[in-house]
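Line order of the protein sequences matches chains A and B.
Count the first sequence with the numbering used here and you get residues 7 to 273, in order.
Count the second sequence with the numbering used here and you get residues 7 to 273, in order.
Just so you know, even glycine gets a beta-carbon here, dropped at the ideal spot from N, CA and C.
Protein chains: 2
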Amino acid sequence: MATGRTHRPATRSRGIPEATVARLPLYLRALTALSERSVPTVSSEELAAAAGVNSAKLRKDFSYLGSYGTRGVGYDVEYLVYQISRELGLTQDWPVVIVGIGNLGAALAGYGGFASRGFRVAALIDADPAMTGKPVAGIPVQHSDDLEKIIAEDGVSIGVIATPAGVAQQVCDRLVAAGVTSILNFAPTVLSVPDGVDVRKVDLSIELQILAFHEQRKAGEEAGAEPGALPSAPAPYAATEGDAPARGGKGGGRKGPDGDAPAVMPA
Amino acid sequence: MATGRTHRPATRSRGIPEATVARLPLYLRALTALSERSVPTVSSEELAAAAGVNSAKLRKDFSYLGSYGTRGVGYDVEYLVYQISRELGLTQDWPVVIVGIGNLGAALAGYGGFASRGFRVAALIDADPAMTGKPVAGIPVQHSDDLEKIIAEDGVSIGVIATPAGVAQQVCDRLVAAGVTSILNFAPTVLSVPDGVDVRKVDLSIELQILAFHEQRKAGEEAGAEPGALPSAPAPYAATEGDAPARGGKGGGRKGPDGDAPAVMPA
DNA sequence: ATTTGTGAATATTTTCACAGCG
DNA sequence: CGCTGTGAAAATATTCACAAAT
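Listed below in structure tokens is the structure:
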């Protein structure tokens, strides 16, 4: 899903399925909340509800980690918090650098959820000289000229890119060259990285588009058809020509000077 | 994946698989970039590379939309942009409200990727009276007292929650009561919503945790075992007791006053 | 009595590989 | 030819349902 190319069966290693890995943080969050309320044990049913999944799935997920529950009783909260943390690698310290300190970068820097897990914001990096030295969330911003040095000195292996899309790839290249092997990308671009480097992306507008899709569906279903909008099923095989840009029409093409690519994203 | 309970076959309607829907925005972005460079056609191979997927998957995805390509040639860029936009519901205008105007909310408000698709930031809402009237990204912040009125007046059906976790559920409840049926949640909480309301979540720290998992794997593989860290396979069935919080130990339990739950997230 | 852990059944997603069309 | 569109196969993921454990 993120690794370079065909390489290993993706879900390799001791073979915890990717889908399960993606849910572990969810369970961990729910468990941490219970832990804080000093709840000693939970059943799969309760925990599943708190995490927003169904209990069969949760039990199956946990079964990949080992037999950490007690039949007839449930799971010991503290014990499970520890086991999941360990599995996720959160029992060790992960220094992280955030590159691009605009609104988003600042939000990330101040985000409590990082510090409370094994993550430590080792440095904030921005290309704007005016930002250099300015403290954001209590951490002084450093200039991107020093990127390589910072990464080497702190032994950083995880980088967060919160720059404008236009410079994301070059920032990525520098991070990778400097030794970073995991990247969380907020810029709306596909990053290409060498094999062995993991990239995960968070694209704010993609999520909205998925919502729009479902929203549209709801509107179309609610009463046969909509006024202006297309009705439910625009039969496959181009039944809906007419107001579509005449297929193959190579001429001008609409789309103002605001299309999308250089996405303004705060830097 | 977000709808209330067992209800409809999830991937219902004209039956575009969820996995495909989730990739359409990706294709759209790549196509828009091509469109801006006035590229008239693309092959599945090229487009797949630009979108970061493999070409068989892309062709399969497009096959759910209809036969929009030309054998031996490829896909007409403009035509495909239109078809995907329409499928995603982006040919109509979606007014969106953002609740919680901290760093994150401000980043979202200024995010170019919204405006460039069918999304229009109809209002920014914050509970802090000091924020009221202050323009953020050119839009004046409104007070949350007026939330219901704003949603009704603008016919908003999509809401973005960027508040602290502690108030996310109540904000959600108000949004839903006021008529919002799709929610994008950035607060690290599981929101419960009535049937028929879609929720998608973006959790910044979850993504990092998934990266940490893979990062840990890399470290463990690279040379048999690690110094301090656990080696690759902590055999199932609790082989790894010892430094774990004695199972069932109900007493104190570690965990400072910084656990996680009330997550500080900027408001 | 409960509630876990898990095989087996089902559903979904990805990938292969090639017929068919332009 | 080259490239799409798609059945069929393979791989993943989810759900069922119940035996086993406390």
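Straight-line Cα distance separating residue j from residue i
i: Gln-89 (chain A); j: Leu-71 (chain A); result: 8 Å
i: Ile-131 (chain B); j: Ser-50 (chain B); result: 43 Å
i: Cys-178 (chain B); j: Ile-104 (chain B); result: 12 Å
i: Glu-93 (chain A); j: Pro-31 (chain A); result: 10 Å
i: Leu-197 (chain A); j: Ile-164 (chain A); result: 15 Å
i: Asp-67 (chain A); j: Gly-144 (chain B); result: 46 Å
i: Gly-75 (chain A); j: Ala-56 (chain A); result: 17 Å
i: Glu-42 (chain A); j: Ile-22 (chain B); result: 42 Å
i: Gly-28 (chain B); j: Leu-64 (chain B); result: In the sequence as presented, Gly is not what sits at residue 28 (chain B); that position holds Ala. Cα to Cα, Ala-28 (chain B) sits roughly 12 Å from Leu-64 (chain B).
i: Ala-171 (chain B); j: Leu-110 (chain B); result: 13 Å
i: Gln-215 (chain A); j: Val-203 (chain B); result: 15 Å
i: Thr-26 (chain B); j: Gly-139 (chain A); result: 45 Å
i: Ala-225 (chain A); j: Phe-192 (chain B); result: 25 Å
i: Thr-38 (chain B); j: Gly-80 (chain B); result: 16 Å
i: Ser-73 (chain B); j: Tyr-85 (chain B); result: 12 Å
i: Val-48 (chain B); j: Arg-35 (chain B); result: 14 Å
i: Val-142 (chain B); j: Val-186 (chain B); result: 23 Å
i: Leu-53 (chain A); j: Arg-180 (chain B); result: 26 Å
i: Ile-156 (chain B); j: Pro-200 (chain B); result: 21 Å
i: Gln-98 (chain B); j: Ser-69 (chain B); result: 24 Å
i: Gln-4 (chain A); j: Asp-152 (chain A); result: Missing from the structure shown is residue 4 (chain A); chain A here goes from 7 to 273 and no further.
i: Gly-78 (chain B); j: Ser-91 (chain A); result: 52 Å
i: Ala-121 (chain B); j: Arg-126 (chain A); result: 34 Å
Beta-carbon gap between residue i and residue j smaller than 7 Å
i: Leu-210 (chain A); j: Tyr-117 (chain B); result: yes
i: Leu-114 (chain A); j: Arg-206 (chain B); result: no
i: Trp-100 (chain B); j: Gly-124 (chain B); result: yes
i: Ile-107 (chain B); j: Val-166 (chain B); result: no
i: Ala-184 (chain A); j: Glu-154 (chain A); result: yes
i: Ala-128 (chain A); j: Val-87 (chain A); result: no
i: Val-208 (chain B); j: Val-182 (chain A); result: no
i: Ala-168 (chain A); j: Thr-195 (chain A); result: no
i: Leu-190 (chain A); j: Glu-213 (chain B); result: yes
i: Glu-221 (chain A); j: Ser-61 (chain B); result: no
i: Ser-150 (chain A); j: Ala-133 (chain A); result: yes
i: Val-83 (chain A); j: Val-45 (chain A); result: yes
i: Gly-58 (chain B); j: Phe-219 (chain A); result: no
Residue span of the alpha helix (DSSP H) that contains residue i, given as start and end
i: Tyr-81 (chain B); result: Careful: Tyr-81 (chain B) lies outside any alpha helix (DSSP H), inside the beta strand (DSSP E) at 80-82.
i: Arg-180 (chain B); result: 171-184
i: Lys-63 (chain A); result: 61-71
i: Pro-101 (chain A); result: Premise fails: Pro-101 (chain A) lies in the beta strand (DSSP E), 100-105, not in any alpha helix (DSSP H).
i: Val-27 (chain B); result: 24-42
i: Leu-197 (chain B); result: That residue, Leu-197 (chain B), is in no alpha helix (DSSP H); it is neither H nor E in DSSP.
i: Leu-153 (chain A); result: 153-160
i: Ala-113 (chain A); result: 109-115
i: Ala-121 (chain A); result: 118-121
i: Ala-136 (chain A); result: It is not in any alpha helix (DSSP H) - Ala-136 (chain A) carries neither H nor E in the DSSP assignment.
i: Ser-50 (chain A); result: 50-57
Residue i beta carbon near the ligand NAD (any heavy atom closer than 6 Å)
i: Leu-34 (chain A); result: This structure lacks the ligand NAD, and indeed carries no ligand of any kind.
Extent of the continuous beta strand (DSSP E) to which residue i belongs
i: Ser-188 (chain A); result: 188-191
i: Gly-144 (chain B); result: No beta strand (DSSP E) contains Gly-144 (chain B), which DSSP labels as neither H nor E.
i: Ile-131 (chain A); result: 125-132
i: Lys-207 (chain B); result: 204-207
i: Ile-164 (chain A); result: 164-167
Interfacial residues, the region 22-38 of chain A to chain B, with Cβ spacing under 8 Å: Answer set for the region 22-38 of chain A: Val-27, Ala-28, Leu-30, Pro-31, Leu-32, Leu-34, Arg-35, Ala-36, Thr-38.
Chain-ordered residues of the region 205-228 of chain A with a beta carbon less than 7 Å from chain B: Result list: Arg-206, Val-208, Leu-210, Ser-211, Ile-212, Glu-213, Leu-214, Gln-215, Ile-216, Leu-217, Ala-218, Phe-219, His-220, Glu-221, Gln-222, Arg-223, Lys-224.
Using a Cβ-Cβ cut-off of less than 9 Å, give me the residues of the region 101-129 of chain A that come near chain B, in sequence order. Of all residues in the region 101-129 of chain A, only Val-102, Gly-108, Asn-109, Leu-110, Gly-111, Ala-112, Ala-113, Leu-114, Ala-115, Gly-116, Tyr-117, Gly-118, Gly-119, Phe-120, Ala-121, Ser-122, Arg-123, Gly-124, Phe-125 place a beta-carbon less than 9 Å from a beta-carbon of chain B.
Any C-beta of chain A within less than 8 Å: which residues of the region 52-67 of chain B qualify? Near chain A, meaning a CB-to-CB distance below 8 Å, the residues of the region 52-67 of chain B are Ala-56, Ala-57, Gly-58.
Mind listing which residues of the region 140-164 of chain B have their C-beta closer than 7 Å to chain A's C-betas, in chain order? Taking 7 Å as the Cβ-Cβ cut-off against chain A, the residues of the region 140-164 of chain B that qualify are Ser-163, Ile-164.
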